[in-house]
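Numbering (the working numbering), first residue to last: 19 to 288.
Down below is the structure, laid out as structure tokens.
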């Protein structure tokens, strides 16, 4: 595993880190990545984690990293440090009370793609569930990029109460829920982040219509808040499918990779 300071990150380090774990130290915090570079393509997809099971594998964890041999494009896999040493399964990139880790991930990714000379329009953020939340947020922070998400959360506080309560206790100890959601709204709400960043990224929002919890707690409130605050929704493509047995689970690996490929190659028309 290679460890380097953010300021010293360069092309040779990225090449030497290809297909390996990379620790990037930024402002005294270590962040974990896996980078897979393909010199046959100018596109890159950044993958974020959904819920993980630390009993099966301890962080750092890079979900879907085993897919790389089925991709023609480069990929970056993010480990969400939010959950490290906190007995949490999901972190949404929230970080600590003092520091929003998604901002760190965004700055690091921007530097990586700049070094690799990849244009923003060729950068795609993919994730499902909590990884979908992170992917939308990262695309919001990174102009001209695209988010591809499957059954994402759009509001952390609309997730299951026991999980949210555990998160708040671990990240914001001593604070009451209302104060957390008011002070840190841009970390917990996608529409709040849109308003702070004053932009809506291009999003392919893939949703199982028969996952009732996702529809009631995330998709429908998201659309309602877009309209309430007059947020531009034209860059968002909502794609609904019907799979009662799958519920919240994302599309299969094969269907996911096929969809990502269609978006990257601009072969999809909505």
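Idealized CB from N, CA, C, for every residue including glycine.
- Task: Using three-state DSSP, classify residue 48 as helix, strand or coil.
- Result: strand
- Under the DSSP definition of a beta bridge, which residues are partnered with residue 220? 164
- residue 145 - DSSP class collapsed to helix/strand/coil: DSSP places residue 145 in strand when its eight states are reduced to three.
- Query: What is the residue span of the alpha helix (DSSP H) that residue 178 lies within?
  - Reply: Unbroken run through residue 178: none, as it is neither H nor E.
- Message: I'd like to know whether the C-beta atoms of residue 24 and residue 44 end up nearer to each other than 9 Å.
- Response: yes
- Item | Beta bridge counterpart(s) of residue 259 as assigned by DSSP | Note: residue 259 is bridge-paired with 226 in the DSSP secondary-structure output.
- Query: In whole angstroms, what separates the C-alpha of residue 136 from that of residue 62?
  - Reply: Answer to the nearest angstrom: the Cα atoms are 8 Å apart.
- Would you mind stating whether residue 150 and residue 138 have Cβ atoms separated by less than 9 Å? No Cβ-Cβ contact shorter than 9 Å links residue 150 with residue 138.
- Query: So residue 40 packs on residue 56, CB below 8 Å; how close in whole Å?
  - Reply: Actually they do not touch by this definition, with Cβ atoms about 17 Å apart.
- Do you know offhand how far residue 282's Cα is from residue 194's? Cα to Cα, residue 282 sits roughly 43 Å from residue 194.
- Return helix, strand or coil for residue 273, following the three-state DSSP convention. In the structure shown, residue 273 sits in a helix (DSSP, three-state: H, G or I).
- Query: Thinking just about the alpha-carbon of each residue, which of 130, 69, 124 and 155 is nearest to the one in residue 102?
  - Reply: 69
- Item | Other residues of its chain near residue 146: CB distance less than 6 Å, five sequence neighbours each side excluded | Answer for residue 146: 68, 168, 169 and 268, listed in chain order.
- Which ranges does the beta strand (DSSP E) cover as unbroken runs of at least 3 residues, wholly within the region 53-94, from first to last along the chain? 62-65
- Task: Give the secondary structure of residue 104 by DSSP, where H, G and I count as helix, E and B as strand, and everything else as coil.
- Result: coil
- Range covered by the beta strand (DSSP E) that runs through residue 138: No beta strand (DSSP E) contains residue 138, which DSSP labels as neither H nor E.
- Message: Could you check whether residue 189 and residue 248 sit closer than 9 Å to each other, using their CB atoms as the reference points?
- Response: no
- Task: Going by DSSP, name the residue or residues bridged to residue 23.
- Result: Residue pairing by DSSP places residue 23 opposite 43 in a beta bridge.
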